[in-house]
Structures are given as structure tokens and as C-alpha cells.
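Asks:
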Amino acid sequence: MPSKFAKVQKQVSKKKGGALALHENSRDALRLRSAVARDDRVARLGAVREKANDVYLNRILFLQGEIPDPLRPLTDAEVHDAIARYLRREDDSLATLKAERRPGRPKSTRQTLLEQQQDQEQKEYESGLWIPDMQNEASLTKLRNWKGEWIALSPLTYVRVGKSGSIKESAFPPKGAA
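To convert, note that position 5 of the sequence shown is 5 in the UniProt record's numbering; the numbers rise steadily by one, no gaps.
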């Protein structure tokens, strides 16, 4: 998609006089400044949105690897085991960071971030962890064929799995807690 700035710049350059008629407070200069500001804002918001979606993409990518080879729906116990493996996936690196830290020294930024991430995921699991429906064979087939793109996740069905064993239907994209 061409940027708004490129379009405006092209229009301004085609005018009679072109860059000669451009001064600091001219209409064309204002159009160019607002186009640049819009492009920056769109890029910034896109980056924020992608960063927020990365949590869910990584979760679904991990669970994609948990699909059994002869395709079959998972039982409740298997779903909870897969979630437990997902929640413990960073335990080794966290233990390494703790072992490398000298006594009396503050935690590294990476260690703090990993601990916060684990706490947040554990709290979400208690209220209902948002995952693709692993007990639906059609959804598992779509998940197996998924190529890692956010937009391609909409055809899947989703559930919120609670630590207590509750499984509730959910929607895409995820919206807060269960």
C-alpha cells in the first residue's frame, strides 16, 4: 500500500511551480506535514498491535506443535497437559538466569520480564486461557495447516480453558478475561 506521504508529495510536485511555490506555511507544506504525521501514527499503531498479538501468536504456534500425529481430538486431560507444558516452557531459561546471577545482585531485566510473563499467563489460566479448540477435529485440521499469520486465525474455533477444568466457547480476536 503506498503511503499517504508519497501520494501527497506526487500531487504537490505535479503542480505548476512545484517546489518553488512551497514555503513554510503554505497549504502544500501543511498537507505534507500532516501526511508524514499520519504515516508515522499508522506505523506506530501497527507496531503496537503486532506486539500485542505476538503473545497469542506464540501461544497458538506452541499449541500447533502439540497436535497429535495421527490427527484426533484431545481429551480434557491432554489439553490441560499441553497448557501445563506451555506455561512451563521458559522454566529452563529462568533457572539459568537465576543461577548466573551473583548473590546480592538485582534480577536481570530478562528474568523480571519472564517472571511477569509467567505470572500473567498463570492468572489467565486460572480465569480461562484463550486457546484454539483442541477437542474439535475440524479446528485441529485448520490449526495444523496454519502458516503463522494473524489474519488466518479467524476460521478457527476458540475456547477458554480454566485451571478448574472449565471449558467455555470464546471468539476471535480475544477480548479480555473469560
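Where a beta carbon is used, it is the ideal one built from N, C-alpha and C, also for glycine.
Computed from a predicted structure; not experimentally measured.
(1) According to DSSP, is Arg44 helix, strand or coil?
(2) Rounded to whole angstroms, how far is the Cβ of Leu57 from the Cβ of Glu90, which I believe are closer than 8 Å?
(3) Using a 10 Å radius around the Cβ and a threshold of 16 neighbouring Cβ atoms, would you call Ile151 buried or exposed?
(4) From Val8 to Gly148, what does the alpha carbon distance come to, in whole angstroms?
(5) Would a C-beta distance cut-off of 8 Å place Gln11 and Val79 closer than the cut-off?
(6) With H, G and I counted as helix, E and B as strand and the rest as coil, what does DSSP make of Glu169?
(7) Can you say whether Arg160 is buried or exposed, counting buried as having 16 or more other CB atoms within 10 angstroms of its CB?
(8) According to DSSP, is residue 183 part of a helix, a strand, or is it coil?
Replies: With the given structure in hand:
(1) Of the three classes helix, strand and coil, the one that applies to Arg44 here is helix, per DSSP.
(2) The C-beta distance from Leu57 to Glu90 rounds to 16 Å, too long to fall under 8 Å, and the pair is not in contact.
(3) With fewer than 16 other Cβ atoms within 10 Å, it is exposed.
(4) The alpha-carbon atoms of Val8 and Gly148 are separated by roughly 35 Å.
(5) No, the Cβ-Cβ distance between Gln11 and Val79 is not below 8 Å.
(6) Strand, per DSSP.
(7) By the 10 Å Cβ count, Arg160 comes out buried.
(8) Outside the displayed range of the chain (1 to 178) lies residue 183, so it cannot be described from this structure.
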